[in-house]
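Residue numbers (this note's numbering): -13 to 761.
Where is the CB? At the ideal position from N, CA and C, for every residue including glycine.
For reference, the structure discussed in these notes is given below.
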Ligand SMILES: Nc1nc2c(c(=O)[nH]1)N[C@H]1C(S)=C(S)[C@@H](COP(=O)(O)OP(=O)(O)OC[C@H]3O[C@@H](n4cnc5c(=O)[nH]c(N)nc54)[C@H](O)[C@@H]3O)O[C@H]1N2
Ligand SMILES: Nc1nc2c(c(=O)[nH]1)N[C@H]1C(S)=C(S)[C@@H](COP(=O)(O)OP(=O)(O)OC[C@H]3O[C@@H](n4cnc5c(=O)[nH]c(N)nc54)[C@H](O)[C@@H]3O)O[C@H]1N2
Ligand SMILES: [Mo]
């Protein structure tokens, strides 16, 4: 008999069709008018050949414990061990490193999205376990908008304009005349949101805005960043040069007397410093449209026209998060705020600025200001974090000093790495450098569901259940639904829930009671819901009791009566509601930032050419700019093993978009296998020749599972198209220390070599039981 049950993933709510304990179909949640096609990849992921079937230990690690075999990580077969022995081994390694080297020798930051379930959230649980065992080195900020997270408090006093809530779409639909989108608003990004959404509204809102007559302007190297129905004007821009265009628009506003002096006077500080820089009074270079045209490839007349337009009508200025994932990524965000301040509409309906309208499902969707159900990780007794994207630096440079947001700290000597719910071999830049860094610690432990590259590069691998094999609860702060995530199918193979894995390790090191607080997963799910329900009640919202919620499968929060407008309170009464900056105002010059003395992030928005871009003097050797953006067919590396992503491969590899001009010059045809390379690494990809990317730009979405020709060998050709073998691993600046993946140059050639088969979705080679090795 078939049954249907509602559940949730980061890519949305869905109903699973279950027959004989097997998921046989998927249909969208009835309330979701625009479900993501990604839900259809779920069954193929659950039953994928890439599932980890049993606890596994790297052979050299078992055979030669205590000796340094770390360099063979990734290149040796795994040995299957019984669960109890695997857990004993994990507990004894964690205890050994803690006792010998202290908790600062354990890296447990474990960045990654994990599952939508908020209780059995692998990363949160790992931290909960390690925090309860004396602490670990944690990771601070994120890959998504980590640079903005550091910059914005200096400029705006908080991070709300990047994290949300931002001015809601109904306010835009009603009031905005022109929406200027740096980075556009690609529909691919609308599929997902952290914690999962009950609905996908982003396309509907944009369609309504278009119908209401909002004029959209998309500034991006990639045409498809503006969906066709928007009828947006596409202005191709040289990657990494947006700051120059924004500064030139500021120049137009000054020279044509269009800057809103009253707004600047009342709500900002430091405008004069910024204005002098823009006009060239400070450095002798006037940031004119002609100046910017040479840097951006956008004609000066276009820059002038757009500057006049945004200052002459109600305008919303937006930038995707991608703009700050680049060298000096602080600058485009700070400059956009300066520009919006000169336009003077911050805090007005449909006016001002916001980051991420085009970045993720739910940005700008109306939602009451209520918390979501969570599981607490607790406090890290060590109190030490590295900026998230400095992970290779940490492992490679123990004892070295690094600067971050005005402080100097020292990288500790990490001996043990534990990762659960994240995939650094997907998310981190310069995979070959990561490989080198990864060979430094004595022990690497990974909980994973599938044989990702991170699992393949571990010493001990514990197979976790997929989110569809256990009970949980999910919700996103950008969505109006809280969803029950009932177990849909039994655990596959020998997989266990992360919660039980960590409970059992905690039992072995004597912290079981503190870890579980006496609750089962189901107990925590109910507790998380009831805590959230109590907080909602304090704000006057009446949510269903737990049993009724679980039975119905979801609760829906109401749409707030009033449109939320970002910084409306500040605009209405700046003395009563000052910003949390030192001046209480928007800081177009920050004495704090200037005081840090960083030449890579001075005290006001500044054009600082990226170290790698098409304007660089050495761009001739690698003349194409690589855009490694978010994938349409999966969530990061998640679901790459699923049906939709696999079907979208070209010649069995990740598609690489290349302009016909660049393809022709290299004799590359549609569907050819190409080799994409620079000094850091090389990968194969499948060419898609298309005018959707501007000349000299190539696009490879992130998330193709790293699949080296020779596993374990640094510099080996990646057969599959993991863009991060090519990207730069350097902080945006000493201020933000964010990832700068988008500042990458490459060359491409037609591949005439052996087009080796992609094997990463199969079980690793040479695995088996070796009873003589198991202790
Ligand atoms: N070049 C380049 N690199 C980038 C970006 C870019 O734009 N360009 N974007 C960056 C951004 S914004 C982000 S957010 C990161 C994303 O980086 P990650 O969040 O690390 O990527 P995911 O693929 O989502 O990794 C989640 C992992 O958790 C595993 N997992 C899922 N559920 C469970 C579970 O229940 N238990 C356990 N134990 N594991 C589970 C999945 O199998 C997967 O391997 O990538 C960053 N990297
Ligand atoms: N389907 C799907 N959706 C996702 C994700 C996913 O993995 N899959 N990941 C989610 C996550 S974790 C995050 S953080 C968000 C990220 O959201 P974003 O950072 O906004 O997403 P990206 O796709 O990296 O970049 C958006 C667009 O910016 C453009 N761009 C790149 N460089 C430049 C530049 O220098 N100038 C200009 N003007 N444009 C540029 C690219 O063409 C790209 O398509 O996406 C979320 N949405
Ligand atoms: Mo992200």
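Classify residue i: buried if its beta carbon has 16 or more other beta carbons within 10 angstroms, exposed otherwise.
i           : result
residue 404 : buried
residue 125 : buried
residue 506 : exposed
residue 553 : buried
residue -13 : exposed
residue 581 : exposed
residue 484 : buried
residue 710 : buried
residue 391 : buried
residue 306 : buried
residue 705 : buried
residue 21  : buried
residue 373 : buried
residue 525 : exposed
residue 406 : buried
residue 317 : buried
residue 211 : buried
residue 538 : exposed
residue 451 : buried
residue 243 : exposed
residue 271 : exposed
residue 443 : buried
residue 559 : exposed
residue 26  : buried
Output needed for residue i: all residues of its chain with C-beta closer than 7 Å, excluding positions within five of it in sequence on either side, in chain order.
i           : result
residue 590 : 256, 259, 260, 263, 574 and 575
residue 544 : 354
residue 417 : 411, 667, 692, 708, 710 and 711
residue 107 : 100, 101, 361 and 407
residue 682 : 600, 609, 610, 611 and 648
residue 245 : 239 and 328
residue 17  : 184 and 185
Please work out which residues of its chain come closer than 6 Å, Cβ to Cβ, to residue i, disregarding the five sequence neighbours upstream and downstream, and give them in chain order.
i           : result
residue 748 : 35
residue 61  : 697 and 698
residue 570 : 564
residue 726 : 312, 313, 714, 716 and 718
residue 579 : 140 and 589
residue 198 : 159
residue 188 : 176 and 347
residue 48  : 65 and 759
residue 29  : 9
For residue i, I'd like the list of residues in its chain whose CB is within less than 8 Å of its CB, leaving aside the five on either flank, ordered along the chain.
i           : result
residue 514 : 104, 105, 359, 360, 361 and 459
residue 83  : 91, 92, 401, 402, 428 and 429
residue 677 : 209, 645 and 646
residue 419 : 378, 382, 666 and 715
residue 356 : 518, 521, 522, 525, 527 and 543
residue 230 : 273, 277, 278, 281, 282 and 593
Counting pairs of beta carbons, one from the segment 318 to 326 and one from the segment 149 to 164, are three or more of them closer than 8 Å? The segment 318 to 326 makes no contact with the segment 149 to 164: fewer than 3 CB pairs, one atom from each, lie closer than 8 Å.
Please confirm if the segment 85 to 104 is in contact with the segment 386 to 399, defined as three or more CB-CB distances below 8 Å between the two stretches. Touching, yes, given that three or more Cβ pairs across the two stretches are closer than 8 Å.
Counting Cβ pairs, one atom from each stretch, are 3 or more of them under 8 Å apart for the segment 610 to 629 and the segment 689 to 696? Taking 8 Å as the limit for Cβ pairs, the verdict is that the segment 689 to 696 does touch the segment 610 to 629.
In chain order, which continuous runs of the alpha helix (DSSP H) of length 4 or greater are located wholly inside the segment 492 to 539? Counting whole runs of 4 or more residues, the segment 492 to 539 contains the alpha helix (DSSP H) stretches 498 to 502, 507 to 524 and 532 to 538.
How do the segment 749 to 756 and the segment 163 to 178 stand: do at least 3 beta-carbon pairs fall below 8 Å, yes or no? Judged by Cβ distances under 8 Å, the segment 749 to 756 makes no contact with the segment 163 to 178, as fewer than three pairs qualify.
Count Cβ pairs between the segment 130 to 147 and the segment 265 to 278 that sit closer than 8 Å; are there 3 or more? Taking 8 Å as the limit for Cβ pairs, the verdict is that the segment 265 to 278 does not touch the segment 130 to 147.
For the segment 386 to 393 against the segment 24 to 42, do three or more pairs of beta-carbon atoms, one drawn from each stretch, fall closer than 8 Å, so that the two count as touching? Too few Cβ pairs lie closer than 8 Å, so no.
Go through the residues and name those whose CB comes closer than 7 Å to any heavy atom of ligand 3, in chain order. Having a Cβ closer than 7 Å to some heavy atom of ligand 3 are 128, 129 and 130.
Along the chain, which unbroken stretches of the beta strand (DSSP E) at least 3 residues long are found entirely within the segment 261 to 320? The segment 261 to 320 contains these whole beta strand (DSSP E) runs: 301 to 305.
Extract the residue ranges of the alpha helix (DSSP H) inside the segment 618 to 673, only unbroken runs of 4 or more that lie entirely within it. List check, alpha helix (DSSP H) in window: 629 to 633 and 646 to 651.
In chain order, what are the residue ranges of uninterrupted beta strand (DSSP E) at least 3 long that sit wholly in the segment 119 to 154? The qualifying runs are 124 to 126.
Counting pairs of beta carbons, one from the segment 325 to 342 and one from the segment 146 to 159, are three or more of them closer than 8 Å? They touch, by the three-pair rule.
Pick out the complete alpha helix (DSSP H) segments inside the segment 184 to 266, 4 residues or longer, and give them in chain order. Qualifying alpha helix (DSSP H) stretches, in chain order: 188 to 197, 228 to 241, 247 to 253 and 257 to 265.
Identify every run of the beta strand (DSSP E) within the segment 401 to 483, keeping only runs that are complete inside it and at least 3 residues long; order them along the chain. Every unbroken stretch of the beta strand (DSSP E) spanning 3 or more residues and falling wholly within the segment 401 to 483 is given here in chain order: 402 to 406, 429 to 434, 446 to 449, 458 to 461 and 467 to 471.
Is there contact between the segment 200 to 208 and the segment 232 to 242, where contact requires at least three CB pairs shorter than 8 Å? The segment 232 to 242 and the segment 200 to 208 do not touch, with fewer than three beta-carbon pairs separated by less than 8 Å.
To test your reading of the DSSP string, which unbroken beta strand (DSSP E) runs of 3 or more residues are found completely within the segment 543 to 616? Listed in chain order, they are 610 to 613.
Report the start-end ranges of each beta strand (DSSP E) in the segment -8 to 19 that is 3 residues or longer and not cut off at the edges. Within the segment -8 to 19, the complete beta strand (DSSP E) segments at least 3 residues long are -2 to 5 and 8 to 14, listed from N- to C-terminus.
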